[in-house]
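Reading through the C-alpha cells given below for one structure.
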Amino acid sequence: MSRLSIIIPLLNDKEALQSTLSHLLRQYTHEEIIVVDGGSNDGGDEWVAKESRVKLMRSPRAQRALQMNLGAAEATRDN
Numbered sequence: 005m006s007r008l009s010i011i012i013p014l015l016n017d018k019e020a021l022q023s024t025l026s027h028l029l030r031q032y033t034h035e036e037i038i039v040v041d042g043g044s045n046d047g048g049d050e051w052v053a054k055e056s057r058v059k060l061m062r063s064p065r066a067q068r069a070l071q072m073n074l075g076a077a078e079a080t081r082d083n
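Positions 5 to 83 (the numbering used here) are the ones given, in order, by the sequence shown.
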C-alpha cells in the first residue's frame, strides 16, 4: 500500500493550521505530515511541536518553494 507525505508550509497562520491539521489527523491516520515553518511569530510552530504525529521543521524566512523542497527532502513515503 502506498502512503502519502503531506507537506504544509507555515508562516503566521496558526488558526488555519489548527483547523487543517485537525482534519488531516482524523482523515489520514497513517500518513506522514510535515509542517515546515518559515519563521512564524504567532505561536503556530509551538502548537505544532506539541502534536506527536506531525514532524516540525524550520526554515529560514524565504520563499514557500524552499519550505516545500525542505519538506520533500525529509519525506519518507512513496508519494
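Glycine residues also receive a C-beta, built at the ideal position from the N, C-alpha and C atoms.
Just so you know, these numbers come straight off a predicted model, no measurement behind them.
(message) I need the straight-line Cα distance from Ile11 to Gln31, nearest angstrom please.
(response) So the two alpha carbons sit approximately 15 Å from each other.
(message) With H, G and I counted as helix, E and B as strand and the rest as coil, what does DSSP make of Asp49?
(response) Asp49 falls in the helix class under three-state DSSP.
(message) Measuring straight from C-alpha to C-alpha, what distance separates Gln22 and Val52?
(response) Cα to Cα, Gln22 sits roughly 8 Å from Val52.
(request) Measure the C-alpha to C-alpha separation of Asp17 and Asp49 and round it to an integer number of angstroms. (result) In this structure, the CA atom of Asp17 is about 10 Å from the CA atom of Asp49.
(message) Taking 7 Å as the limit between beta carbons, can you name the residues of its chain near Gly47, skipping five residues before and five after?
(response) Cβ neighbours of Gly47 beyond the five flanking positions: Lys18.
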